[in-house]
Amino acid sequence: MAMIPNYFSSIFKSVQTLQEYLGLDIDELDIPLDDKNALNELSQQILIAIRKPNEGIFECPTEFTPPATSVSAAYNIEDMLVDICVYVLSHWQLSNVLTSGCALAPDRNSIRMKYNNTILNQILTSKAWNVLFHCVKKQNLYDLFLSAIILHRLPNGAYYQLSGTPLSLRNVTLEPKKHKKSPDSVDQYMSTFLFDIASHHKDLPRYLDSLLLSKKRRKPTGCSDQPNKVQKLSRRQKKKLKHANTAVVSKSKGRIIAIDRSQLFYCQNNINPSGHVVMKLPKDHMLKRGKSSDLNDEFIVHCMSKIFPREFTTPNKIKKFLKRSQLMQEIVKELHNRHNKVQFLQILNKRCPQKSLNSNITRTASRHFEVFELIKEIVRRAFPIKFWGSKDNFDVICKAIKHLISRRKSEKLSMTEIMHKIKVLDCQWLSSSHKQRVVPSDLQRRKMILQQAFTWFFNDFIMPTLKSFFYITEHAKFGKQTFYYRRDTWQSLTEPRIQSLVEADYFEEMHGTEIGLQLAASKIRFLPKENGLRMITNMNNTKKLTQGHAQVDTDDKLGSLLDILHFEKDRNPDLMGSSVLGRHLLYKRFKSYTKKVLPTKSKFYFVKVDISNCFDNIDQYKLLHILEGVLQSGQYLGRQVSSARPFSDKIMRRSFQAFSTTDTTSEIDGYVGRLTDVRPGSIVVDQFGTKHYKRCHGIAQGSRLSTLLCSFFLGRLEQDKLAYLKQDEDGVLFTYIDDFLYITKNKDYAVRFLDTMTKDIFDFSVSVNKDKCLTNIYSDIAEFTWLGLIFDTKTLNVHIDKSARKKSDVTSSLTVEYSRQPSALLLNSGVRAIKSKLYDILMDSEINSKQSLARNLTAGYTFGTAWNNQIRNYTPPFSGLLQCLQEETV
1 MAMIPNYFSS IFKSVQTLQE YLGLDIDELD IPLDDKNALN ELSQQILIAI RKPNEGIFEC
61 PTEFTPPATS VSAAYNIEDM LVDICVYVLS HWQLSNVLTS GCALAPDRNS IRMKYNNTIL
121 NQILTSKAWN VLFHCVKKQN LYDLFLSAII LHRLPNGAYY QLSGTPLSLR NVTLEPKKHK
181 KSPDSVDQYM STFLFDIASH HKDLPRYLDS LLLSKKRRKP TGCSDQPNKV QKLSRRQKKK
241 LKHANTAVVS KSKGRIIAID RSQLFYCQNN INPSGHVVMK LPKDHMLKRG KSSDLNDEFI
301 VHCMSKIFPR EFTTPNKIKK FLKRSQLMQE IVKELHNRHN KVQFLQILNK RCPQKSLNSN
361 ITRTASRHFE VFELIKEIVR RAFPIKFWGS KDNFDVICKA IKHLISRRKS EKLSMTEIMH
421 KIKVLDCQWL SSSHKQRVVP SDLQRRKMIL QQAFTWFFND FIMPTLKSFF YITEHAKFGK
481 QTFYYRRDTW QSLTEPRIQS LVEADYFEEM HGTEIGLQLA ASKIRFLPKE NGLRMITNMN
541 NTKKLTQGHA QVDTDDKLGS LLDILHFEKD RNPDLMGSSV LGRHLLYKRF KSYTKKVLPT
601 KSKFYFVKVD ISNCFDNIDQ YKLLHILEGV LQSGQYLGRQ VSSARPFSDK IMRRSFQAFS
661 TTDTTSEIDG YVGRLTDVRP GSIVVDQFGT KHYKRCHGIA QGSRLSTLLC SFFLGRLEQD
721 KLAYLKQDED GVLFTYIDDF LYITKNKDYA VRFLDTMTKD IFDFSVSVNK DKCLTNIYSD
781 IAEFTWLGLI FDTKTLNVHI DKSARKKSDV TSSLTVEYSR QPSALLLNSG VRAIKSKLYD
841 ILMDSEINSK QSLARNLTAG YTFGTAWNNQ IRNYTPPFSG LLQCLQEETV
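Numbering follows full-length UniProt numbering, in which position 22 of the sequence shown is assigned residue number 22; successive positions increment by one, without gaps.
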């Protein structure tokens, strides 16, 4: 019997082998030798676990009573399992994995199968379980299947649950480990007191008397007229007392406050009835609602509650804060008056003038320094200097605004960075009195209040202002770098694009009842690139347009269909043609090809073609016809497997889902064996805009299904138009979404492939972009570029395409975390970026020569050096880890 995992004793009351639980001695049974061997094998694979008391979901009020037919000779193990399932299904308080896929029959005395049950099939077809049924009392078997948890050990070391309440439904927790008792930590103030006692051990009575004396001078009995002063503390003692005073304030580190910049991106334009873009703060904004005549005390208190929300939680706290913040209330009034006088559009046209609409859309975006100057001037005109406390503080805030504007898409602005070098004492409106001395606790209180003001400033003023004037997005070429397009400029860029799509019958405007879609409507957005716009469909967080109680997430609803298509793809890889959706597939197929054709002195012919606007040009009706051939089975069975295993004093649960046809259900041993994330010792449970447009042509680029559907479509194109390539024993075809690469030693096949792709695929409603076609058929090309890789046309060595490795590529690959452990996270992101450039196909010595490997390593480390140089520009000044980071990188 294999060793029982240690954590079983923590989640179960007891764990026994099958023989121990039943009190069975297999050697003494009077049965044939084959039956004994079957029982011995079953006993080695089965563990019986008893759950702890009061761990059931509910307690069933009635106990199981064996039917009268159980004593008959015709009663078999199938009848017993049916009776157990009927009992469990008849009581809602019970749950057992045996009943998966089962339902009560109309007579409520039998069961019907909604779909195949793997557990019941495994028990009924097992010779050992049938032998055990005839060797053990029936009541013991009833208790085994109803009261215990049967765990079947699989070949990979995991355990598969055969009976009992599903472990995924139970609140399973591990008992905490018993650690050695550590001496109680001594309070800082107490440690200082003990230090003082130890320092005056020679004259302890006199020192204790001095502590009891008041600060007033008085003469002790029997002493001279010289007053007895309280002994002064040393510098070391004062330092400890100061640390003890601030320890209460700083002992609990709250969550790090950060300005989430993700709200800036992809905000829709606000169009007025005349068709013009509205570029101003929303009407419900705090500073838009207040006029000079409406600035009464009630409205000012409302504004204060928006700026300082944590101070308006209880009536007593509100009263104290309003008494403390009299000066701040006057500043809020002045802020409203100054804000109403700001000419926003005039400043916008001055600082960020509208760019001319040319072919290069990238140049129509406003530069970061222009956006910064715009926001800086608005803030300078709207906010009085008293709000910042001093000009130095205003300069610090301007620097934080500059960081907010210039950072990349996924990066945040932490409050720690904003407060860095802020002089809190310069803000007079934070003081609670006119006292000169500020104790540490009051200083910490002022910082908390100031942080709330800055949080409101960035979240409720700076970000709405940016969203009002600019459409903010990333760029197809420059990765995660942020681009700011004026709203009116962006409207001028996108409106003709949408109109052209409607005129070209790509979209059709929907009206009335057509909007009531089952899958809801998805938002589209445009991603700028050098010479145009790329349309992206966002199917996350889609809004359900029909009236209903629950929101519909289209992407989640299509998840099951995606899993079914993956199942069909794995079952019949020919459906995908030569598609290589991933670098690992390209590496595997290219390596096998090089082993077949190398070494050789023949010339290799390369042909590269690209389908023009592939996603937009796919014929929907033809794609549906292709999917009808892919989804040949009428029904599919979804199998969900939950895995539970221990990790760091906790139970980690993971779920896996796969689909199969209803007529082919694999055994659980083989199925779990294919799941790489199920580890030895795991327990596995088997359980079953304002306008709306309808797309008339092409498929959405951005859906979870897009890439797979495109691969099926082009796979059929390959079957119909390129079937002759299978006859070329010295050729190989690679397809990555809509990019084709054909390598062969036969010139005739290369010419025929190029002619087919350029002249004979129009019945699929797609065409080749001739500007991106490349071949060495008619001219000698030493190195051939495809998907960021360079192929040597003579030796088939693979190199890194350094032409795409520019400074902008390095910068766009960085994502800096400025809130917590910035340097360590920056190092990890850089290492991942470097590793992502060194693919397996580049570092395989069976594909590449020593010179090619050295070239690839040199290119990789050159990229790492360029990345390390960029760190200097993005490492926060207060992190203090730059030198350590560079040493670790080297």
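We treat Cβ as the ideally placed atom computed from N, Cα and C, and that holds for glycine. This one's a predicted model, so the numbers in the text were calculated from it and none came from an experiment.
At a threshold of 7 Å, does residue i count as lining the ligand SAM (C-beta to nearest heavy atom)?
i, result
"D34", "What this structure holds is no ligand at all, so the ligand SAM is not there to describe."
With a CB to CB cut of under 6 Å and the five nearest residues on each side skipped, what residues in its chain are close to residue i?
i, result
"S602", "K745"
"K253", "Bear in mind that the predicted position of K253 carries a pLDDT of just 48, short of 50, making it unreliable; the figure below should be weighed with that in mind. Within the same chain, K253 has no close Cβ partners at all."
"T594", "L796 and I847"
"E568", "V630"
"D187", "In this prediction, D187 has a pLDDT of 46, which is less than 50 and means its spatial position is unreliable; nothing more can be read from the coordinates."
"F454", "I418"
"S765", "N617 and D619"
For residue i and residue j, I'd like the C-alpha separation in whole angstroms.
i, j, result
"S852", "K794", "13 Å"
"I347", "S578", "56 Å"
"K323", "F383", "23 Å"
"Q354", "F470", "11 Å"
"P440", "T313", "24 Å"
"I472", "T362", "13 Å"
"E503", "D616", "14 Å"
"I4", "Q45", "11 Å"
"Q139", "Q93", "21 Å"
"G731", "R716", "19 Å"
"K423", "N393", "7 Å"
"N340", "L287", "8 Å"
"M843", "N828", "22 Å"
"R855", "R832", "20 Å"
"E783", "L624", "40 Å"
"C398", "K391", "10 Å"
"E334", "L295", "10 Å"
"L18", "F64", "22 Å"
"R380", "Q444", "27 Å"
"R497", "P528", "12 Å"
"P315", "D426", "29 Å"
"E373", "L345", "14 Å"
How about residue i and residue j: are their beta carbons less than 8 Å apart?
i, j, result
"R589", "V597", "no"
"F604", "L796", "yes"
"L24", "L151", "no"
"E530", "N360", "yes"
"K127", "A38", "yes"
"H368", "I405", "yes"
"L413", "H420", "no"
"S325", "W429", "yes"
"F753", "Y742", "yes"
"I841", "L586", "yes"
"I119", "S90", "no"
Using only alpha-carbon positions, find the residue among the options that is nearest to residue i.
i, options, result
"P67", "D728, T17 and N109", "N109"
"G532", "S492, D570 and R571", "S492"
"L733", "F526, S592, L708 and H475", "S592"
"K622", "D780, C710, F458 and Y636", "C710"
"E370", "L167, H276, C102 and Y485", "Y485"
"C352", "N337, V342 and I375", "I375"
"G559", "P166, L708, L527 and F526", "L708"
"Y636", "A700, L561 and S612", "L561"
"V607", "M415, M757 and R446", "M757"
Leaving out five residues before and five after residue i in sequence, what residues of the same chain have Cβ atoms less than 7 Å from its Cβ?
i, result
"I50", "F12, K13, S14 and A148"
Who are the near neighbours of residue i in its chain, counting only those whose CB is closer than 8 Å to its CB and skipping five residues on each side?
i, result
"D748", "none"
"W129", "L42, I77 and I123"
"P282", "K288, P464 and S468"
"N272", "V278"
"S9", "V15"
"F483", "T362, A365, I472, T473, E474, H475 and P528"
Checklist entry - Which ranges would you report for the alpha helix (DSSP H) in the stretch 7 to 60 if only whole runs of at least 4 residues count? => result Segments of the alpha helix (DSSP H) lying fully in the stretch 7 to 60: 8 to 11, 18 to 22 and 33 to 45.
Item to check | Segments assigned alpha helix (DSSP H), at least 4 residues, entirely inside the stretch 555 to 598 | outcome: Whole alpha helix (DSSP H) segments, 4+ residues: 559 to 571 and 583 to 597.
Item to check | Inside the stretch 111 to 152 only - alpha helix (DSSP H) runs reaching at least 4 residues | outcome: Segments of the alpha helix (DSSP H) lying fully in the stretch 111 to 152: 118 to 124, 127 to 135 and 138 to 147.
Next on the checklist: Extract the residue ranges of the beta strand (DSSP E) inside the stretch 746 to 787, only unbroken runs of 3 or more that lie entirely within it.
Outcome noted: Complete beta strand (DSSP E) runs here, min 3: 783 to 786.
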